[in-house]
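Here's the structure, in structure tokens; my notes come after.
Residue numbers (the numbering used here): 11 to 201.
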């Protein structure tokens, strides 16, 4: 890798500019470290996605993971979960349906609504991608000394809990099948 790809926290300018006199430096350091870790997770997700033979974008994968986690839901619920307009979600659903990854069916509880659900092909695809990503993340974590690993668990758990407090409540649809993150980053079995 080239040197310019190894930016350190001090190399990355803060979003609020140079004159951050009153900014909590520790909070800024944590923010920059999380942004770097986020880029790493996105890169690992992109690699996991590239490992399968189906052409998908990360937003399309996120839609599939949301459906894998939530089960059958309406288009409106999917759009709310993804925090996109229903028209954007509809275009994505149409593309995924064309690849035989999503099925639409009438909602037996309300015939005016259509439910979206994954096809068996999509469930297998999501599981493969998440397994690949989990394996890559685990290999990275195993490179850390045990002491550093131990402090990550409570810190990341607290961060996730703080994020859950900010998550919007779903517009409609069945409750989540498990305690997966609102971003839809885990399958029902915790991957």
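Here a beta-carbon is modelled for each residue, glycine too, at the ideal position from N, C-alpha and C. All figures in this text were calculated on a predicted structure; none of them were measured in a lab.
Just to check, is the beta-carbon of residue 65 closer than 8 Å to a non-hydrogen atom of the ligand SAH?
Ligands are entirely absent from the displayed structure, and the ligand SAH is therefore not among its contents.
Out of 40, 48, 54 and 46, which one is the CA nearest neighbour of residue 149?
The residue with the shortest Cα to Cα distance from residue 149 is 54.
Restricting to runs no shorter than 4 residues, where is the alpha helix (DSSP H) found entirely within the region 54-87?
Correct list: 68-80.
Can you check which of these residues, 37, 51 and 81, is closest to residue 147 by C-alpha distance?
Ranking the options by Cα distance to residue 147, first place goes to 51.
Can you list, in chain order, the residues of its chain with a C-beta nearer than 8 Å to that of residue 61? Leave out the 5 residues immediately preceding and following it.
Around residue 61: 138, 139 and 142.
Considering residue 137, what are the terminal residues of the alpha helix (DSSP H) in which it resides?
For residue 137, the enclosing alpha helix (DSSP H) stretches over residues 130-152.
Can you tell me whether residue 32 is helix, strand or coil according to DSSP?
The predicted position of residue 32 is uncertain, since its pLDDT is 49 and thus under 50; no value can be drawn from it.
Among residues of its own chain, excluding the 5 on either side of residue 180, which ones have a beta-carbon nearer than 7 Å to its beta-carbon?
Because residue 180 sits at a pLDDT of 47, beneath the cut-off of 50, its placement in the model cannot be relied upon, and the following sentence gives the value as read from the coordinates. Around residue 180: 87, 90 and 91.
Can at least three beta-carbon pairs, one atom from the region 64-80 and one from the region 150-170, be found at a separation below 8 Å?
Below 8 Å, too few C-beta pairs join the region 64-80 and the region 150-170 to call them touching: fewer than three.
On the premise that residue 100 lies in contact with residue 85, defined as a C-beta separation below 8 Å, what is that separation, rounded to the nearest angstrom?
Indeed they touch by this definition, with Cβ atoms about 6 Å apart.
Residue from 162, 36, 105 and 83 whose Cα sits closest to the Cα of residue 123
The shortest C-alpha to C-alpha distance from residue 123 to any of 162, 36, 105 and 83 is the one to 83.
Within the same chain, show all residues whose beta-carbon is closer than 8 Å to that of residue 56, passing over the 5 residues directly before and after it, in chain order.
The residues are 68.
Residue 59, buried or exposed, once every other Cβ within 10 Å from all chains shown has been counted against 16:
Taking every protein chain shown into account, the CB of residue 59 has 16 or more other CB atoms within 10 angstroms, so this residue is buried.
Expected contact under 8 Å - CB spacing of residue 115 and residue 125 to nearest Å:
Right, their Cβ atoms sit about 6 Å apart.
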